[in-house]
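Working notes for the structure below.
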Amino acid sequence: MHRRRWLLQLVLRALAHRKGRTVLLLAVLAMASSLATALGIVSYSMEKQVAGEVRKYGANLIIIPQSARLDVGSGGLNFGVITEPAYLQQREVEDTLARSGLKAERSFHLRGALHWKDADLMVDGVNFTDIRRLFPWWQLKGNWPATGETVVGSDLATRLKLKPGDTMELVGKAQTVRLRISGIVSSGGEEDGLLFLALPELQQALGLDGQLTLVRLMVTAGDESLKKRADALQLLLPSAKVNEVRQTARTSEGLLAKVKLLMFMVTAVVLVSAGSSVAGTMSTTVLERGKEIGLMKAMGGTRWEVMLIFCGEAAMLGFLGGLAGYLFGSAIAQFITRTVFSASAEFIPWFAGISLGVSLFLALLGSVGPMISVFKLDPVRSLRGE
Amino acid sequence: MLFRILKNSFLKRPKAVFLVFLSIAMGAAVATAFLGIAGEVSHKMALELRSYGANILLEPSAVEGGGFLREEDLPKIKTVFWKYNITGFTPYLFGIAEFSAGGKKERGVVSGTWFARQLEVPGEDPSVQGIKGIAPWWEVEGRWPEAADESIVGAALAKRLNVVPGGDVTTTVRGRTQQLRIVGVVTTGGYEEEQLFAPLVTVQSLLQQQGKISRVLVSALTVPMDDFGKKDPATMSKDEYEKWYCTAYVTSVAKNVEEVMAGSRAKPIWQIASAEGALLKKLNSVMLLLTVLALGASATAVSTSLMASMAERSPEIALMKAVGADRLQISAIFVGETLIISVAGGIVGYLLGDQLAGIISRTVFNSPISSPLWLFPTAIISAFAVAIAGSVAPLRRALLIEPVRVLKG
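Same order as they appear, the protein sequences are chains A and B. Per my numbering, the first sequence starts with residue 1, numbered consecutively. Per my numbering, the second sequence starts with residue 387, numbered consecutively.
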């Protein structure tokens, strides 16, 4: 006990005696470990943030009736498919989604034709709150519709000379609906040629209560690949087809992997180089202490004891540096995620372990390495200053 | 004299010199690697995001549908103002056809297109255009068509027709028939699965629409839309319009392409274009902040290691003073030492950092990187500047010491 206190005393005194050096070393160690913490937290939350960003590309899974033709994708290739109507049961889909425990945003669609003047118009019954989440790219001129209102695709609007505020009377199989146009949507995709109204209104007009033609899902990226989740959902819904929209799904998976890899490489490069630089600085200060080591040895200290003193010193510096580094690094990470993603970085307590580890490792590496060469010194010669 | 002191200072304490050298080399390596990729990374990420598919759609301007574009206008897309931003384009001609294979009959869409076509435009580099380039998410089981009578078929259509690669499909349009060999089945999860894709010329002759196309999908590198970009070009003043036209907004690139395709109108595909801009902006600012962070860190690491090595040398300085060296001579010795170490460290660091940037670029983006020429002098000069900055404070302190007190110990 006595001996241990003596050792502690020695270490503390040595640190306090050379304040300049101690502060310098603390600063570098804190810098290296805050770098590790900041990069770690940023890459960790980056993955989530980018996953959130790629959601803006739209749905990644779709559910269609077994016999229906595929009718989705981003603009350009929808050359008008010839389809016989087939429907999904809204209730069944809702139940299955609830049962599967799949974390996903969804949007229900019912596609049908309504008669206006002397033409059939393609209409899509949707839930506009879902649309706003799943189709963030809609460029809407005018307002989002309230009940009894509709949104018209831009091509359709130009063709039929419609403008916001106009009222249309659309004839369905079961009912006739009067709708006021609240806005014009352009997206560069198939939406430009469609007319949108609230799902229940279209279901009533067509006499298709509780029926859907298409469900779009946006499944949150996770560890499991989307293909597997699609297959799992397919098993629960034998009456439908579950398809992965490769254009968004696969591309996003690839992109996320790239971002992850980039962040990993960047972190590794910075850590290895900054780390070796810091360990170098640490070594410089130990190398110059040959005299001190010589004195300790002359007084009868064994190698082991001298090593212990120096390691104790390094460990103390490493610990304090790591602590400061964690706090400082979290602040940097917070700043970066705030400015870039305008979201606060997650508070991740186990990163404290990493920053302490990095700092301790560098401090010990920096002092133990050169000590081995210092040990070879003859105490007499080093005390004489040779 | 100065030279001899410098020489001995390196030779007599190789370990200390090596450690400082290591610090500087590593700091310069981080700086070089980061500056090297930071400029390229946004370009590479933009190219990466192009794999989400085309962001501009060109179609005949007649609103009623129908109408055609001319195939002969296509090469002009490679000559427009924004030609270097256009990474690829693919023409399509489509029509409704009767498919029959092995006794099964189906009505569906037949699309004529380019898969991977060598395009030579006078005065421009030859390029390969087609679906293969702009739609990398297509999963083709089998291979891509090469001959004029080969085609690939969408997975859903293939299932209904019960054909596999190697089979034949007879395609009939208004009494004209064409035998097509299926060489691949494509899965995409979208419209494509319901169609049959054949080379453009084949479909043109099948549909009797020689030299005509019905759509072009263009994939272009664009800058994110900002408030200015969202303004309606029709309401802009002449100067504003010029500025808009000379910024690579998706709308201005679309306008640019529209001008060379007779009778066309170009629409941005907002699903792709709007998400891309937002994502790119964020990735770029992360890279920028990380670069600043890394540069700051390497500068601190270098200057502190200089500080550490200088701080321990007061006896040496005291002795020099005692034997009659003036401040200028002492400064010359230390600055000279720093200069030599930092130039050597800067060169090694530059070479190392260049390699690191190359490795990162190759592993992440599968493409090499060309680091800019200005990076080499910058790396060395900044290594020197940072090292000097680190040694100023300890040198000043060293110059102030009283030799007698230090030498007495």
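Each residue gets a CB set at the ideal place from its N, CA and C atoms; glycine is no exception.
Determine the direct distance from the alpha carbon of residue j to that of residue i, and round the result to whole angstroms.
i, j, result
"residue 395 of chain B", "residue 730 of chain B", "16 Å"
"residue 579 of chain B", "residue 481 of chain B", "15 Å"
"residue 147 of chain A", "residue 475 of chain B", "42 Å"
"residue 139 of chain A", "residue 217 of chain A", "21 Å"
"residue 393 of chain B", "residue 778 of chain B", "22 Å"
"residue 739 of chain B", "residue 271 of chain A", "13 Å"
"residue 465 of chain B", "residue 510 of chain B", "8 Å"
"residue 11 of chain A", "residue 307 of chain A", "12 Å"
"residue 493 of chain B", "residue 483 of chain B", "6 Å"
"residue 320 of chain A", "residue 26 of chain A", "7 Å"
"residue 766 of chain B", "residue 331 of chain A", "31 Å"
"residue 419 of chain B", "residue 472 of chain B", "29 Å"
"residue 654 of chain B", "residue 763 of chain B", "43 Å"
"residue 268 of chain A", "residue 349 of chain A", "21 Å"
"residue 90 of chain A", "residue 133 of chain A", "20 Å"
"residue 380 of chain A", "residue 751 of chain B", "59 Å"
"residue 733 of chain B", "residue 354 of chain A", "32 Å"
"residue 429 of chain B", "residue 477 of chain B", "26 Å"
"residue 469 of chain B", "residue 743 of chain B", "28 Å"
"residue 721 of chain B", "residue 6 of chain A", "42 Å"
"residue 619 of chain B", "residue 552 of chain B", "51 Å"
"residue 512 of chain B", "residue 504 of chain B", "7 Å"
"residue 372 of chain A", "residue 667 of chain B", "50 Å"
"residue 405 of chain B", "residue 399 of chain B", "10 Å"
Which class does residue i belong to by DSSP, given the choice of helix, strand or coil?
i, result
"residue 299 of chain A", "coil"
"residue 466 of chain B", "coil"
"residue 595 of chain B", "coil"
"residue 442 of chain B", "strand"
"residue 81 of chain A", "Note that residue 81 of chain A scores 49 on pLDDT, short of 50, meaning its location in the model is unreliable; the coordinates nonetheless yield the value given after this. Residue state, collapsed to three classes: coil."
"residue 239 of chain A", "coil"
"residue 472 of chain B", "strand"
"residue 48 of chain A", "helix"
"residue 289 of chain A", "coil"
"residue 117 of chain A", "coil"
"residue 557 of chain B", "strand"
"residue 8 of chain A", "helix"
"residue 344 of chain A", "coil"
"residue 789 of chain B", "helix"
"residue 162 of chain A", "coil"
"residue 401 of chain B", "helix"
"residue 501 of chain B", "coil"
"residue 209 of chain A", "coil"
For residue i, is the classification buried or exposed, using 16 other Cβ atoms within 10 angstroms of its Cβ as the cut-off for buried?
i, result
"residue 313 of chain A", "buried"
"residue 506 of chain B", "exposed"
"residue 169 of chain A", "exposed"
"residue 60 of chain A", "buried"
"residue 344 of chain A", "exposed"
"residue 590 of chain B", "buried"
"residue 628 of chain B", "exposed"
"residue 550 of chain B", "exposed"
"residue 625 of chain B", "exposed"
"residue 397 of chain B", "exposed"
"residue 9 of chain A", "exposed"
Using a Cβ-Cβ cutoff of less than 7 Å, which residues in the same chain neighbour residue i once the five nearest sequence positions on both sides are dropped?
i, result
"residue 199 of chain A", "108, 110, 125, 126 and 127"
"residue 643 of chain B", "442, 444, 463, 466, 604 and 652"
"residue 659 of chain B", "441, 608 and 636"
For residue i, which residues in chain E fall below 7 Å Cβ to Cβ?
i, result
"residue 143 of chain A", "Absent here is chain E; the protein component of the structure consists of chains A and B."
Less than 6 Å between C-beta atoms, sequence neighbours within five positions excluded: which residues of the same chain meet that for residue i?
i, result
"residue 172 of chain A", "114, 205 and 206"
"residue 243 of chain A", "62"
Which same chain residues end up closer than 8 Å to residue i when comparing Cβ atoms and leaving out the 5 residues on each side of it in sequence?
i, result
"residue 176 of chain A", "169, 170 and 205"
"residue 677 of chain B", "420, 421 and 424"
Legend entry - Validate contact between the segment 753-763 of chain B and the segment 680-697 of chain B using beta carbons, cut 8 Å, 3 pairs: no
Legend entry - Touch test, the segment 360-369 of chain A against the segment 278-292 of chain A, Cβ-Cβ under 8 Å, three pairs minimum: With a cut-off of 8 Å, the segment 278-292 of chain A and the segment 360-369 of chain A count as touching, because enough Cβ pairs lie within range.
Inset, instruction - Report yes or no: do three or more beta-carbon pairs, one from the segment 331-340 of chain A and one from the segment 661-673 of chain B, lie closer than 8 Å? - result: yes
Inset, instruction - Give a yes or no on contact between the segment 55-70 of chain A and the segment 236-247 of chain A, applying the rule of three or more CB pairs nearer than 8 Å. - result: yes
Inset, instruction - Mind the definition here: the segment 535-542 of chain B touches the segment 571-588 of chain B only if three or more C-beta pairs lie below 8 Å; say whether that holds. - result: yes
Inset, instruction - Check whether the segment 252-264 of chain A touches the segment 40-60 of chain A, taking contact to mean three or more Cβ pairs, one atom from each stretch, closer than 8 Å. - result: Yes: at least three Cβ pairs fall under 8 Å.
Inset, instruction - Count the CB pairs spanning the segment 512-526 of chain B and the segment 244-253 of chain A that are closer than 8 Å, and state whether there are at least three. - result: yes
Inset, instruction - Determine, using beta-carbon pairs with one atom in the segment 605-616 of chain B and one in the segment 551-571 of chain B, whether at least three such pairs fall under 8 Å. - result: no
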